[in-house]
Amino acid sequence: MKFTKVMSLAAVAALSVNMANAQQSIDKKQLDHKQVVAEAKKLPQGVAKQRVYKNYRLANGVAKNDALTSGARVFNEVTRELGTVSGNVTVLTNDGVNVGKIAQQFGLSVVNQESRVGLAVLSAPANTDLTALVEQLKSSDLVKSARIEIVEALNQPR
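Numbered per mature numbering (1 follows the signal peptide of the UniProt record, and there is no 0), the sequence shown spans residues -22 to -1, 1 to 136.
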């Protein structure tokens, strides 16, 4: 009986010491996490302060008149990675709209299309302001949505 009580007390003492050490470790990790979050919010050097498209900012200098053109380097705030604007625009067409008509009207060339679902990838000429182009496409009655294609290495080994 005494032996069981002694063993129980020893086990309780060991658990309380382990819990105290674990709490200190958790406190240290939380502090480190706060520091990591604060550091992550800082923008890398050479990245513009204002967004140019969705969650992207211009990187490595500024494009002409802050226009987002083909070949521009952009910084993704979510993935914290650099990407490159391809010069392509992905569009979802309205029902019954011919992709060739959209390409002709806006001076684009068709890279790829899937007519069954109304998706198409259109290429803009060099030095075209892609944000203005996307706004023009969205305001027309030919497309439901339009997005700028940004090439980014999303899967990298860590």
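The beta carbon of each residue, even a glycine, is placed where N, CA and C say it ideally should be.
Model, not experiment: these values are computed from the prediction.
If you run the structure through DSSP and keep just helix, strand and coil, what is residue i?
| i | result |
| --- | --- |
| L111 | helix |
| G24 | coil |
| G61 | strand |
| V77 | helix |
| S123 | strand |
| S101 | strand |
With which residues is residue i paired in a DSSP beta bridge?
| i | result |
| --- | --- |
| R35 | R29 and F53 |
| V67 | L100 and I126 |
| S87 | S101 |
Does the beta-carbon of residue i, which I'm using as the reference point, lie nearer than 7 Å to any heavy atom of the ligand NAD?
| i | result |
| --- | --- |
| L97 | What this structure holds is no ligand at all, so the ligand NAD is not there to describe. |
Compare the Cα-Cα distances from residue i to each of the options and report the closest residue.
| i | options | result |
| --- | --- | --- |
| L36 | S48, L21, V52 and P22 | V52 |
| V99 | N54, V63 and I126 | I126 |
| D119 | K79, E130, P22 and S64 | K79 |
| G85 | E92, Q23 and L111 | L111 |
| S123 | D73, A104, A131 and L132 | D73 |
| K27 | N54, S48 and T47 | N54 |
| N105 | K20, S48, L97 and N38 | S48 |
| T109 | V88, P22, A50 and G96 | A50 |
| D130 | V89, T62, V25 and N38 | Note on identity: in this sequence residue 130 is Glu, with Asp being the wrong assignment. Ranking the options by Cα distance to E130, first place goes to T62. |
Exercise. Any contact of the segment 18 to 36 with the segment 66 to 73, i.e. 3+ C-beta pairs under 8 Å?
Worked result: no
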